[in-house]
Every structure is written in C-alpha cells, then in structure tokens.
Ligand code: ADP
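Residue numbers (this note's numbering): 2 to 494.
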C-alpha cells in the first residue's frame, strides 16, 4: 500500500518519492523500485521524528519529508526528492489530507497485524507448552526449551543457567552456527552476570530470572534464561520470552517431581521385593523349629500328667497356628513374586477335595461332604488349590460352630467347590474387604476370633490365576457359602 501511495505522490509532484516504513525500530524503504525512482534507499533512522510528528511536512535540504503518524507514533515517511522549490500551501493541504487517510488505513492494518501476531504467538506458546511439558528429563528439557526460544524470537543463542554452589552454571543451551560459546558459569548477581554475558556475546541480550523447581516440596533455586541476538528485543518479544520462562519453570518442576516419583516407586518396589524375600525366608525357616515344637508337645500330650497335658495342648495349638501363619506367609510371598505360575494337571475335583478335608473332618467331626457320582475332571495346581480348600474350609469351621457342608459340582464349563456354614456371616458392606490383604470383618474381630486376614487374599489370587472366581453369599449371623469356581478349560497363557 505504501509503495502505491509513494508512486502516486511521485507522479502527482513529478518527482522521485521513496516510502519508508517503521520496522524493528528503523525506517526501511518499501519496495524502492516501485516508487518512481531507480535508486535503492537504505534503512535509516536519520529523521527528525519530533518535527515530523508536529508538522507532518518538513523541508530538509532539497527533500520534502511527509510523515504518516497514528497515535503519536510516526509509522511511515515519504521522501520527495530533488525539489527546486518548497511545496505550496495547496500542495501541503493536499498532502495532509492524503496522509490523514493513510494514517487511518495504516493504523487498522497495524492493529490487524498485531492481532495476527498475538494469535501466532499464542499458537506458538501452546505448541511450546506441549513440547516442553512432554519431556521427562531436565537436560533434554533445557535443550528443547532453548531451541524453541531461538526459533520464536529469531535469536542467535539461548541458554539456561541454574544455581549450584554459589554460582549460576550452564544447564544447557542452543546456538546458531558460528556463535561463540557462552560462559559456563555466571555470578549470581544479576548485574555482574549481565555484564559477563554482554562481553561474551557482543550483541543485545535478554536475561530472564527463572525460578527453578519451586513448590511441592521442591526447593526453589534461582536460574537464568539468556537469549542473545543482534537486534534489540521488542516489548512484545520480551513478553513472549517471559511466558516461556514461566512455562519452563513449570516444566522443570514437573520433571523434578516426575524423577522423584520414579525414584520413590523404584525404592518401593525394591523394598517390597526385599520384604517378600525376607518373609519367604522366615516362613521357610520357621518350619523346622515348629515341627520340633509340635513333635515334643505331642509327646508330652501322651506321657505327661494332667496339668502338663493341658499346657502341652496349648503349646500344640499355638504351634499349629504358627505353622498356618508361616504357610500363609510363604504362599503370600509366592503370589507376590513375579514368576507366580501354576503346574496344572487334570484331575477329579471330588477325589481331591475329599482327600484334602479328611484331616479336618478327623479333627473336628463337623464336615459333611458331597460329590456327584461321575468324576468332575478339571485342570488345577494341586498344592495351590490345597491351600485354597484348607483356607475356605478352615474358615467355615472357625467362624461357625455347627455342621459345615462341602459340595463339589460341575457342568460342561465350570467346576465348583461350595463350602457352607451356619456361622457369624459377614456384615454387608464388608464383603469386599475380606478379600483384601489383611482384611478382616468387624464381627470376626469383635468376637476375638484369631486371624491374620491374609488367607482369603491368597486364596482369591490362586483362584484368579486359575482363571476362576472366588464368590461368597453371606447373611450376617446366619451363615456363609464360599464358592470356588474353576473353568473346565485353562485360560490362555
Ligand atoms: P482370617 O485369618 O482373619 O480368617 P481370612 O483372609 O481367611 O483371614 O478371612 C478374612 C476375613 O473374612 C475373616 O477375618 C473374617 O472376617 C471373614 N471370613 C472368612 N470366612 C468366613 C466365614 N466362613 N464366615 C464369616 N466370616 C468369614
């Protein structure tokens, strides 16, 4: 637009007219070849802007300068060259009207340009945020950030410094080819740091305070984002850099939090594995001494007098409890280890359960067993399923005082072991809890019935890896039925 107006003004006055436009704080000629002269003008700031703003048309040697100003700022200047005489009053009037219109047009063009720039900046910032916030390692983050800053403000250099042991150390940077390396260390004092950078780069720099890792328990460390380029930074660009600094502080903090979380979860996993190992070791090493204790207490039961037998009975019972606990602990450790697998063989579930509950029936005389006449053959891991049956049937005996019914059934798809008692039941709302690790129902606790709460947790895990389900139907104070459901076909590995 300026070029067209310059050509028209040139034609009108039959003189060479060059238009200058304000860009990056300098007046740059607009498409000089378009104006009527051939000569290519150079960028310049050699204009008396105050006089131009005030008078619009200013005579300088053999040139007439015409200013186009909006809101107190000269946006463009037309230079009419080689005048023999100053412009007449009519000419000046004509020029004033012309530039008045032009100023209006230019200021709306500027406003539009400004809006476009804001939109582009916004989009660039969103992109930057996406990129920066996706990086999970500080060094990579800093490199990405520096690259972004360079691209966004056309800089020659960008670097991030962080406070360490009394100085600001370079964390990372990006530089255009041929740009000298930045100092690796800077004084914490901002003025000192700036002076050092100015000497190192020999071009305008923008040094921005960056608070690294503030908040969420991460100690704040001062830092600096340094940007350098040959042209001074405009206010708008500085604003963009400020936004990036805020973003960078956030991103660095995120990375530090992420690193902490990773470290913490690794430490947790290690200590968990260590605990499982320890538990397995203990449980295993308990067995020897427990066998000895049980053996001797049984001997006392047979040979001792009445008082000794009573004591021996207590010792025996507690030894059994400890044995059960150590078995649970061992099974628990096994289910927690990564290689928890099954050795499944197809077998008649009826035979298996009958055999498993026989010792309990001998000890309590409270079990009733039922199985269909034909075999219910299903693949399962004997020793692990034995643990499940012992636990579920043991619980039914423990949490009731009457007859416990154990029933095996099967169809084309599933085999089931149902264990029913008429005991204390589980309060509604606590059913999920009893399958959790160390989860016990309130009524079991309040009645003082001993237990660790890991039995069902392990049993459920074992049934789950079989591809089955452990279900329960229960009514408080009326009784419970626990059902172990196993699929006829083993689940695909
Ligand atoms: P515990 O060692 O406490 O018996 P379990 O994991 O075997 O641990 O069982 C978890 C909880 O489930 C028990 O503490 C008890 O509250 C409840 N529970 C299990 N079986 C029965 C049952 N047959 N009748 C009533 N409550 C039961």
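Beta carbons are placed, not taken as given, at the ideal position from N, Cα and C, and that holds for glycine.
Inter-residue spacing [alpha-carbon to alpha-carbon] between residue i and residue j
i	j	result
residue 68	residue 62	16 Å
residue 95	residue 58	11 Å
residue 413	residue 474	23 Å
residue 301	residue 415	47 Å
residue 210	residue 223	7 Å
residue 274	residue 280	10 Å
residue 146	residue 212	15 Å
residue 201	residue 112	38 Å
residue 467	residue 366	31 Å
residue 36	residue 56	Bear in mind that the predicted position of residue 36 carries a pLDDT of just 43, short of 50, making it unreliable; the figure below should be weighed with that in mind. Their backbone Cα atoms lie some 24 Å apart in a straight line.
residue 184	residue 197	8 Å
residue 351	residue 136	58 Å
residue 76	residue 43	17 Å
residue 289	residue 327	11 Å
residue 429	residue 459	22 Å
residue 1	residue 49	Outside the shown range of the chain, which is 2 to 494, sits residue 1, and nothing can be said about it.
residue 371	residue 389	18 Å
residue 205	residue 124	26 Å
residue 155	residue 244	16 Å
residue 46	residue 28	6 Å
residue 483	residue 436	12 Å
residue 380	residue 486	12 Å
residue 291	residue 364	19 Å
residue 488	residue 470	9 Å
residue 163	residue 260	18 Å
residue 349	residue 306	46 Å
residue 2	residue 175	39 Å
residue 355	residue 411	15 Å
residue 401	residue 287	29 Å
residue 171	residue 165	10 Å
residue 139	residue 133	10 Å
residue 234	residue 90	42 Å
Cβ-based burial, residue i [other Cβ within 10 Å; buried from 16]
i	result
residue 392	buried
residue 20	buried
residue 267	exposed
residue 74	exposed
residue 25	exposed
residue 102	exposed
residue 127	exposed
residue 1	Limits of the chain in this structure are 2 at one end and 494 at the other, which puts residue 1 out of reach.
residue 7	buried
residue 119	exposed
residue 52	exposed
residue 5	exposed
residue 465	exposed
residue 79	buried
residue 276	exposed
residue 66	buried
Supposed contact pair residue j and residue i - C-beta distance, whole angstroms, cut 8 Å
i	j	result
residue 246	residue 226	5 Å
residue 122	residue 251	Actually they are not in contact, since the Cβ atoms of residue 122 and residue 251 sit about 18 Å apart, beyond 8 Å.
residue 239	residue 272	About 49 Å; that fails the 8 Å criterion.
residue 179	residue 161	At roughly 21 Å, the Cβ-Cβ gap does not stay under 8 Å, so residue 179 and residue 161 are not in contact.
residue 159	residue 150	4 Å
residue 361	residue 409	Not a contact, Cβ separation roughly 15 Å.
residue 157	residue 229	6 Å
residue 16	residue 83	6 Å
residue 387	residue 357	6 Å
residue 168	residue 191	At roughly 13 Å, the Cβ-Cβ gap does not stay under 8 Å, so residue 168 and residue 191 are not in contact.
Below-8 Å beta-carbon distance, residue i vs any chain D residue
i	result
residue 159	Considering every chain present, this structure includes no chain D. It has just one protein chain.
Q. Which ranges does the alpha helix (DSSP H) cover as unbroken runs of at least 4 residues, wholly within the region 132-178, from first to last along the chain?
A. Taken in chain order, the complete alpha helix (DSSP H) segments of 4 residues or longer contained in the region 132-178 are 139-154.
Cβ pair count under 8 Å reaching 3, the region 474-485 against the region 418-434
yes
Inset, instruction - Inspect the CB distances between the region 442-456 and the region 369-376 and report whether three or more fall short of 8 Å. - result: no
*Note down, one range per segment and in chain order, each beta strand (DSSP E) of at least 3 residues found wholly within the region 336-410.*
Fully enclosed beta strand (DSSP E) runs of no fewer than 3 residues occupy 346-349, 368-371, 378-381 of the region 336-410, in order along the chain.
Discussion item. If contact is defined by three or more beta carbon pairs under 8 Å, each pair taking one atom from either stretch, is the region 290-298 in contact with the region 312-327?
Written reply: Using a Cβ-Cβ distance cut-off of 8 Å, the region 312-327 and the region 290-298 are in contact, since at least three pairs of beta carbons, one from each stretch, lie closer than that value.
Check your understanding: Does the region 396-405 come within contact of the region 339-355, defined as at least 3 CB pairs closer than 8 Å?
Key -> no
Give the list of continuous beta strand (DSSP E) stretches no shorter than 3 residues that lie fully inside the region 80-117. none
- Start-end ranges of the alpha helix (DSSP H) lying completely within the region 449-489, minimum 4 residues: 456-466
Any beta strand (DSSP E) of 3 or more consecutive residues that is wholly inside the region 411-444
You should have 415-422.
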